[in-house]
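Colleague: Dropping a structure here in structure tokens format, bear with me for questions.
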Amino acid sequence: MKTWLHSWRAAIRIARRDAWRSKGRSALVLAMIALPILGVSGLDLTYRSSELSPAERVERSMGAADAIFRDAQVEGVPILQDPLGEMHTPAKDYKDQAWPNGRTDVTKAIPAGSTVLTDRSGPAKLTTAHGLLTTDVRELKASDPITRGITTLLSGRYPEKSDEVMATSHFLEVSGLSVGSTLSARNFDRTYRIVGSYELPDALGTAQVNALPGAFLAPYAKAVEKSGLPAPDNSTAYLVKKSGGFTWNTVQQINTKGVAVTSRAVLLDPPAESEVPLYAKEGWGAWDSSPGADAAELAAVGTVVGLAMLEICLLAGPAFAVGARRSRRQLGLVGANGGARSHIRAIVLSGGLVIGVAAAVIGTVLAVVLTLALQPVLEDMMKQRFGAFDVRPLELLGIALLAVLTGLLAAIVPAVTASRQTVLASLTGRRGVRRSSRVLPLIGLAAVLLGAAIALFGSIVTESFVIVAGGSAIAELGVVAMTPALVGLFGRTGRWLPLSPRLALRDAVRNRGRTAPAVAAVLAAVAGTVAVSTFMASSEAQNRAAYEARLPHGAVSTFVMEEGGRDVPAVREAVQRHLPVDVRADVERVSVGKPGCDPWGGGAQDCGRYEVVLPKANECPLYATVLPGAGDPSEKYTPDQRRKMITEDWRCAQSSGGGWVSVDGGLLVGDAKVLQVLGIDDPGAVKALAEGKIVSFSRAEIDKNGTVGIKQVTDIAAADKAMEKGLPAPGKVSSVPAYLVPEGQESYGVRLLMTPATAKAAGLATLPAGAYFSTERMPGTEERQKLDGELAKLGSNVDLHVEQGFVNDDSLFVIALAVFAGLVTIGAAGIATGLAQADAEADLKTLAAVGAPPRVRRTLSGFQCGVVAAMGVILGSAAGVLPAIGLRLTEEREAIGYYEEAIRQGWDNGLSGPPYVPIVIPWETLAGLLVAVPLGAALLAALVTRSRGALARRAAT
26 MKTWLHSWRA
36 AIRIARRDAW
46 RSKGRSALVL
56 AMIALPILGV
66 SGLDLTYRSS
76 ELSPAERVER
86 SMGAADAIFR
96 DAQVEGVPIL
106 QDPLGEMHTP
116 AKDYKDQAWP
126 NGRTDVTKAI
136 PAGSTVLTDR
146 SGPAKLTTAH
156 GLLTTDVREL
166 KASDPITRGI
176 TTLLSGRYPE
186 KSDEVMATSH
196 FLEVSGLSVG
206 STLSARNFDR
216 TYRIVGSYEL
226 PDALGTAQVN
236 ALPGAFLAPY
246 AKAVEKSGLP
256 APDNSTAYLV
266 KKSGGFTWNT
276 VQQINTKGVA
286 VTSRAVLLDP
296 PAESEVPLYA
306 KEGWGAWDSS
316 PGADAAELAA
326 VGTVVGLAML
336 EICLLAGPAF
346 AVGARRSRRQ
356 LGLVGANGGA
366 RSHIRAIVLS
376 GGLVIGVAAA
386 VIGTVLAVVL
396 TLALQPVLED
406 MMKQRFGAFD
416 VRPLELLGIA
426 LLAVLTGLLA
436 AIVPAVTASR
446 QTVLASLTGR
456 RGVRRSSRVL
466 PLIGLAAVLL
476 GAAIALFGSI
486 VTESFVIVAG
496 GSAIAELGVV
506 AMTPALVGLF
516 GRTGRWLPLS
526 PRLALRDAVR
536 NRGRTAPAVA
546 AVLAAVAGTV
556 AVSTFMASSE
566 AQNRAAYEAR
576 LPHGAVSTFV
586 MEEGGRDVPA
596 VREAVQRHLP
606 VDVRADVERV
616 SVGKPGCDPW
626 GGGAQDCGRY
636 EVVLPKANEC
646 PLYATVLPGA
656 GDPSEKYTPD
666 QRRKMITEDW
676 RCAQSSGGGW
686 VSVDGGLLVG
696 DAKVLQVLGI
706 DDPGAVKALA
716 EGKIVSFSRA
726 EIDKNGTVGI
736 KQVTDIAAAD
746 KAMEKGLPAP
756 GKVSSVPAYL
766 VPEGQESYGV
776 RLLMTPATAK
786 AAGLATLPAG
796 AYFSTERMPG
806 TEERQKLDGE
816 LAKLGSNVDL
826 HVEQGFVNDD
836 SLFVIALAVF
846 AGLVTIGAAG
856 IATGLAQADA
866 EADLKTLAAV
876 GAPPRVRRTL
886 SGFQCGVVAA
896 MGVILGSAAG
906 VLPAIGLRLT
916 EEREAIGYYE
926 EAIRQGWDNG
936 LSGPPYVPIV
946 IPWETLAGLL
956 VAVPLGAALL
966 AALVTRSRGA
976 LARRAAT
């Protein structure tokens, strides 16, 4: 034991000295191992620090209060809730009855003697330095000690008067205001002074303004109603502090009054799942991950970590071999002085141990320091403040041990190779020739066949992505194991090459011990890049084929549905001013009730909605209206009958004409310019509009008399009750003569179109909705930015769409992957080239001695690097395409299965045809990898190689 310890101490001292002497090589290997450790450790520190404890979550949500009371909006009937207070449902089942929907008085459920703070919030359009900004206004007395922890005051002070507010730092940033500025709101004549800046620790990116209770929302709502618009909806919660807090039993008692409670005591000490009645209710169980999902996730993480360690070992292994080769005389002296092969292995392994420990220490320390230094940046990216800076020593130690293990694994093969050298060969510099293993390629071939079979089974039989990915990983490891044999096959192409590349290829083949790991490293990186690129290119082709344009190419649409279309004229003018507009077609929408009502039939007073009447004879039997409790009407038919209906019965056609519009039912009010902008070439439709008819793109809405019925529903409550009984909503129906556009015309979501005169004649009120624009050319980025800036000043919710066609958002990611693979390729090939130069130094000196020009050294170095890169890229490209094909076949099988089931059940009429799941090879990426990367690696190696080596006498042989 003592002898073993002393021998390892000596080996570590030698390895440490060699690492210090070869600073460049040591720094390279250390960086390769330390960078992943730095990233993973930093990720662990960031995740743990941002993961709040229950006490921290409670403080940020309710401050020093004991509970938050909220109205469950179920008319005060008893409810069941989860311990977090986030999910709740009435305790009674309302399967065939009207669902309770209404407010209750929460204050009656608050125990006597409690301290209560009201927390009310609602939206408002506030004035800013740039125009208007829709912002959340919160009325909470933030200076009260109960709210400590909910907000963090950054500068200034808390509001003390009714005309004072404070704002989040994000609001000040986007609004152009500052502490001391004044603000107001649209339709509001009061002004408020900003006296402080604060932040919400859990929502740093929130634009919010805080006022005293009753200082803003109530007077603002009255001002909005006075202007003819409905008051904005507000939400109210109550922060309650009571001696003894609120236990789970107390929470359940309060639930009987229709009030949901988030309790501090329950959050800090939650009840068991068996004590939560909500979880016993069907469909409301606790959502926990299954053991199978956990195992799959663990297997995926283990696979990623294992492949990353393999990649590092393949890259770092040749570097250790370089060190062992250049220290062979020293190792020979150890053997000459009685050292055993185990001592030689220990010295080389100690090199990996020293570098691994150094990488672990440096990576971990840098992770802690950088995470602390970049904490504000990380918090801004995550939009939340950290809790306590949480350092988990055991987790960091485990990550650090991975670095040590990686260093040792990378040094194993060089250690075994160095220990097999004879003392004489080491002292004289002779390399000798050793045949490569014949067993390893056979094992690799077996792994390739097994992995391919597993991937094929997964893609054809099981439809499991996990099995396909696992089989692909096994096959790729098999290719790595076969690399030495494959490198030997490449050597047969040398007879057709010129002198320099032939020498480089021959040298690579004859020294497979250093060539194979570098080629395998390149293979692994390129295979991953090619697999992802192929999968993404195939997905892009599928998405491009499935893309449904909202408008003709280059056309523009704008819709503003709020506040009765007040800002529509300004939006139309802004678009026409900033974009190259050719034709402008203004559109309106049908309105029932006051101008400011919700266009989809909100519940405000004097507000209603309209419905396009579907004639009973045109109703699809599969979707027919039935009485409550009658069940699904499609269940009365067999799968064959459903399939026949949905494919042959025109009433069951589910075609929207492509695209969509913001108006309910696709009913627009406009003139023939709308048809022109949408590219609808039908003289009959133009004539019908001029004759006062409504143009329909759907046959189903036209009754037997050739008219379309539009029902104005003014009593929303009565309409809702009628729907609960399976009856049509009461309302006045206006029948308008209709013209049906022939099939084949793309309407881009518009189902019905009539002129303002026709709407007026039918007794329908209209409001501005937006406009369609055709353009002379595709609007440029600068024009779009100017338009977006002007629309932002209006503060309205503008639905602006410029039809650019299909746009691929993943192209930058594919380019980044290709760059990463190129860097790994150049790095691995460079390491192999360095080892080759160490081996060939004697040959290069001989060439120089017999008169070879200096450029031979550069040329040979460049070709050595290019040969390694080319072999790795070729093998990696072949290995990467196969898993992508397997995954796409799995997707195709899954899509076809869903399609056939949809046809059987009557969900799809099948007119779109079977799913299109193409397999597309990214030839541009492959061309860059196959040509540009090896060529770049060769040129770089040639440029960094010195033309003349150091003068020295030739070693004795």
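The sequence shown lines up with residues 26 to 982 when you count with the numbering used here.
Cβ coordinates follow ideal geometry from the N, Cα and C atoms, glycine included.
Would you give the residue range spanned by the beta strand (DSSP E) that Thr-160 belongs to?
Modeller: Here the beta strand (DSSP E) through Thr-160 covers 157–164.
Colleague: Roughly how far, in whole angstroms, is the beta-carbon of Ala-747 from the beta-carbon of Pro-755, given that I think they are within contact range, below 8 Å?
Modeller: Going by Cβ atoms, the distance from Ala-747 to Pro-755 rounds to 6 Å, so yes, they are a contact pair.
Colleague: Which value, in whole angstroms, describes the spacing of the CA atoms of Glu-925 and Pro-939?
Modeller: One C-alpha to the other measures close to 8 Å.
Colleague: By the three-class DSSP mapping on this structure, what secondary structure does Tyr-983 have?
Modeller: No answer is possible for residue 983: the residues shown for the chain start at 26 and end at 982.
Colleague: Let me confirm a value: Glu-185 is counted as buried when at least 16 other C-beta atoms fall within 10 Å, else exposed. Which label applies?
Modeller: Glu-185 is exposed by the Cβ-count criterion.
Colleague: Hey, is Val-638 close to the ligand SAM, as in C-beta under 7 Å from one of its heavy atoms?
Modeller: In the structure on display, the ligand SAM does not appear, and there are no ligands present to speak of.
Colleague: Looking at the secondary structure, which residues open and close the alpha helix (DSSP H) in which Gly-709 lies?
Modeller: Counting along the chain, the alpha helix (DSSP H) containing Gly-709 begins and ends at 708–715.
Colleague: Roughly how many angstroms lie between the CA atoms of Phe-560 and Glu-771, to the nearest whole one?
Modeller: So the two alpha carbons sit approximately 32 Å from each other.
Colleague: Whole angstroms is fine: what's the gap from Lys-283's alpha carbon to Ile-719's?
Modeller: In the sequence under discussion, the amino acid at residue 283 is Gly, which differs from the Lys named in the question. C-alpha separation (whole angstroms): 48 Å.
Colleague: Quick check on the DSSP output: what are the complete beta strand (DSSP E) runs of length 3 or more inside the segment 720–761, in order along the chain?
Modeller: Correct list: 732–738.
Colleague: Which value, in whole angstroms, describes the spacing of the CA atoms of Met-507 and Pro-947?
Modeller: When rounded, the distance between both Cα atoms is 26 Å.
Colleague: Within the continuous beta strand (DSSP E) that includes Ala-411, where are the two ends?
Modeller: Correcting the residue identity first, residue 411 is Phe in this sequence and not Ala. Neither: Phe-411 is in no beta strand (DSSP E) and is coded neither H nor E.
Colleague: Expressed to the nearest angstrom, what Euclidean distance is found between the alpha-carbon atoms of Leu-765 and Ala-550?
Modeller: Roughly 59 Å between the two C-alpha positions.
Colleague: Looking at the secondary structure, which residues open and close the beta strand (DSSP E) in which Thr-396 lies?
Modeller: From DSSP, Thr-396 is part of no beta strand (DSSP E) but of the alpha helix (DSSP H) over 366–398.
Colleague: On the criterion of 16 or more Cβ atoms from any shown chain inside 10 Å, does Phe-271 qualify as buried, or is it exposed?
Modeller: Buried, by the Cβ-count rule.
Colleague: Between which two residues does the alpha helix (DSSP H) carrying Phe-515 extend?
Modeller: Segment 508–515, the alpha helix (DSSP H) holding Phe-515.
Colleague: Does the structure place the segment 54–68 close enough to the segment 147–164 that three or more beta carbon pairs sit under 8 Å?
Modeller: No: fewer than three Cβ pairs fall under 8 Å.
Colleague: To the nearest angstrom, report how far apart Val-699 and Glu-613 are at their CA atoms.
Modeller: Spanning the two alpha carbons is a distance of roughly 11 Å.
Colleague: To which residues of the same chain is Phe-515 closer than 6 Å at the C-beta, ignoring the five residues directly before and after it?
Modeller: The residues are Met-896.
Colleague: For Ala-763 versus Gly-731, is the C-beta distance shorter than 8 Å?
Modeller: Against a cut-off of 8 Å, the Cβ pair of Gly-731 and Ala-763 comes out as a contact.
Colleague: From this set, Pro-640, Ala-533 and Glu-189, which residue's C-alpha is nearest Gly-205's C-alpha?
Modeller: Of the listed residues, the one whose Cα sits closest to Gly-205 is Glu-189.
Colleague: DSSP state of Asn-235, grouped into three classes?
Modeller: Of the three classes helix, strand and coil, the one that applies to Asn-235 here is strand, per DSSP.
Colleague: Excluding the 5 residues flanking Ser-78 on each side, which residues of the same chain have their C-beta closer than 7 Å to its C-beta?
Modeller: Excluding sequence neighbours, Ser-78 sits near Gly-412.
Colleague: Using CA coordinates, which residue listed in Ser-497, Lys-736, Leu-403 and Leu-237 is at the minimum distance from Ser-75?
Modeller: Of the candidates Ser-497, Lys-736, Leu-403 and Leu-237, the one whose C-alpha sits nearest the C-alpha of Ser-75 is Leu-403.
Colleague: If contacts are defined as beta-carbon pairs under 8 Å, then Val-600 and Val-606 qualify, I think. What distance do you get, rounded to the angstrom?
Modeller: Val-600 to Val-606, Cβ: 7 Å. Contact.
Colleague: With DSSP as the reference, label Met-896 as helix, strand or coil.
Modeller: Met-896: helix per DSSP, three-state reduction.
Colleague: Suppose you measure from the CA of Phe-414 to the CA of Met-112; what does that come to, to the nearest Å?
Modeller: Spanning the two alpha carbons is a distance of roughly 31 Å.
Colleague: Assign Phe-831 to buried or exposed, taking buried as 16 or more other Cβ atoms, counted over all protein chains shown, within 10 Å of its Cβ.
Modeller: Looking at its Cβ environment, which holds fewer than 16 other Cβ atoms inside 10 Å, Phe-831 is exposed.
Colleague: Is Asp-1009 helix, strand or coil when you go by DSSP?
Modeller: In this structure the chain extends from 26 to 982, so residue 1009 is not present and cannot be described.
Colleague: Check whether the Cβ atoms of Pro-804 and Val-827 lie closer than 8 Å to each other.
Modeller: For Pro-804 and Val-827, yes; Cβs fall inside 8 Å.
Colleague: For Gly-239, which of Leu-197, Val-615, Tyr-304 and Asp-144 has the nearest alpha-carbon?
Modeller: Residue Asp-144 is the option with its Cα nearest to Gly-239.
Colleague: Identify, in the order they occur along the chain, each residue of the same chain with its Cβ nearer than 6 Å to the Cβ of Gly-589, setting aside the five sequence neighbours on each side.
Modeller: Counting only Cβ-Cβ distances below 6 Å, and skipping sequence neighbours, we find Pro-620, Gly-621 and Leu-792.
Colleague: Return helix, strand or coil for His-113, following the three-state DSSP convention.
Modeller: The answer is strand: DSSP assigns His-113 an E or B state.
Colleague: I'd like the span of the beta strand (DSSP E) that includes Thr-583, first residue to last.
Modeller: Segment 581–585, the beta strand (DSSP E) holding Thr-583.
Colleague: State the start and end residues of the unbroken alpha helix (DSSP H) segment that holds Glu-815.
Modeller: Taken as a continuous stretch (DSSP letters only), the alpha helix (DSSP H) holding Glu-815 covers 806–819.
Colleague: Going by alpha carbons, who is nearest to Tyr-217 out of Glu-224, Ser-209 and Glu-164?
Modeller: Looking at the Cα atoms, Ser-209 is the closest of the given residues.
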